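When the letters of the sequence shown are read in order and numbered with full-length UniProt numbering, they come out as residues 1 to 313.
All C-beta atoms, glycine included, are put in the ideal place defined by N, C-alpha and C.
These figures come from a predicted structure and were not determined experimentally.
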Amino acid sequence: MDLCQRFDLRFIVIHDRWDRAAFRDRSVEDLKERYYNICAILSKVKTNPWSNTVTMVNGEKRVYHYDAEHERKRKEQLKRLFERTQEQIDEEQMLLAELKKIEARKRERERKTQDLQKLISRADSGNGITNSQASIVNDGPNTPTSAVSNIARRHDRKLHKKKLTTQQRPIRTVETVTVEWSGIKFPEARGTGVWLRSQRMKLPPGVGQRKTKAIEQELRLMNIDIAPTPTEAICKHFNELRSDLALALDLKNALASYEFELQALRHQYEALNPGKTLNIPASICNSNADGEAKPVGEIIDVVGSPSALNTTI
């Protein structure tokens with residue numbers, strides 16, 4: 001206590017001036033722990049005016065508790081951090097970069113999953129509109145002669161529309177995959193006056209630049225000109241081909257995302273159950289020619305690399 005009062009609680013200096021001949025050697029943490037324990041005991045029996053460990057909060061006496069074990073662990077961790085080699089620092093930087101890549105790929109997969117859900121919901125709403133239009137066409141033109149007949153026919157149309165909707169629900173799921181869920185919907189030319197037929201082959205603004213480059217790459221692999229002669233038949237079939245290519249690319253990305261999730265679940269299962277292997281049926285892992293599951297690293301590269309959409313389907 002004399003050294004603490006003399007050197008104003010500078011424990012590094014106190015540790016240097018410690019009399020090791022008369023007392024056993026103590027570390028800085030031991031000195032701090034001993035000092036604060038004595039102050040806590042003294043604060044319980046009397047007021048210690050020169051100690052800075054006693055504070056008054058709302059009229060209550062508060063004593064500072066020093067955790068020597070925590071301080072030793074903290075200094076040990078700082079020592080290990082300071083004594084790292086250059087190879088360890090480079091490895092840590094590489095792991096942090098890989099972590100950022102994995103998080104970016106995860107966000108990209110979540111965004112693509114949301115886009116697919118939007119496509120499915122849009123296809124469902126499109127089927128509902130088609131069914132309602134079909135019901136109106138089947139009813140034929142109505143020219144009511146009185147208010148009563150108009151209300152009655154309107155009620156009949158609503159009932160007929162509900163029946164058609166309930167009857168078409170089992171078929172609607174099939175149409176969602178085969179017809180309505182198209183990759184690209186080209187808008188019709190609504191401008192007045194003279195316009196070029198080649199404008200019909202222009203991709204809508206909603207198609208991103210990345211997907212546009214992927215479609216052009218697939219066309220080059222098929223030896224198809226990316227800007228053919230815009231005849232009536234070529235415009236129609238060329239737009240249908242690019243729409244199918246866009247749909248195939250979306251399905252490919254979705255398949256790669258689900259394969260990654262499948263492999264991640266398999267590795268989690270093997271980590272929780274050591275010695276056990278989760279056998280995945282070959283019918284599920286159908287993206288490989290040999291029927292074997294891809295490693296997680298390869299699936300991450302396929303999903304997250306910038307050239308993922310430029311590969312072949």
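What does the Cβ neighbour count give for Val45, buried or exposed, with the cut at 16 atoms within 10 Å?
exposed
Tyr35, buried or exposed, once every other Cβ within 10 Å from all chains shown has been counted against 16:
buried
Exposure of Phe23, with buried meaning 16 or more beta-carbon neighbours within 10 Å
exposed
What does the alpha-carbon distance come out to for the pair Ala227 and Lys211?
17 Å
Under three-state DSSP, which class holds Val28?
helix
Going by beta-carbon coordinates alone, are Ile41 and Met1 separated by less than 9 Å?
no
By the 10 Å Cβ neighbour count, where 16 or more other Cβ atoms means buried, how is Ile215 classified, buried or exposed?
buried
Those runs of the alpha helix (DSSP H) which lie wholly inside the region 198-242 and span at least 4 residues
209-221
CA-to-CA distance, Gly208 to Val194, given in whole angstroms
28 Å
Helix, strand or coil, according to DSSP, for Gly297 in the structure here?
For Gly297, the pLDDT reaches just 41, beneath the cut-off of 50, and the residue's location in the model is therefore unreliable, leaving the point undetermined.
Below 8 Å, how does it come out for the region 235-245 and the region 88-105: are there three or more Cβ pairs, yes or no?
no
Measure the Cβ-Cβ separation of Phe11 and Leu31 and say whether it is below 9 Å.
yes
Please say whether Glu218 and Leu249 have beta carbons closer to each other than 9 Å?
yes
Closest to Glu232 by C-alpha separation, out of Lys79, Ser243, Met201, Phe82, would be which residue?
Met201
Residue 335 by DSSP, collapsed to three states: which one?
Past the edges of the chain, shown from 1 to 313, lies residue 335, and the structure says nothing about it.
Taking only three categories from DSSP, how would you classify Met94?
helix
Ends of the alpha helix (DSSP H) at Ile14?
11-16
The alpha helix (DSSP H) that contains Arg80, what's its start and end?
68-82
Minimum C-alpha distance to Ile102 - residue among Ile224, His70, Phe260, Met222
Phe260
Using CA atoms only, rank isn't needed, just tell me which of Leu272, Pro274, Asn279, Ala256 is closest to Arg105.
Ala256
Between Ile234 and Leu203, is the Cβ-Cβ spacing less than 9 Å?
no
When you compare the CB positions of Ile284 and Leu251, do they come within less than 9 Å of one another, or not?
no
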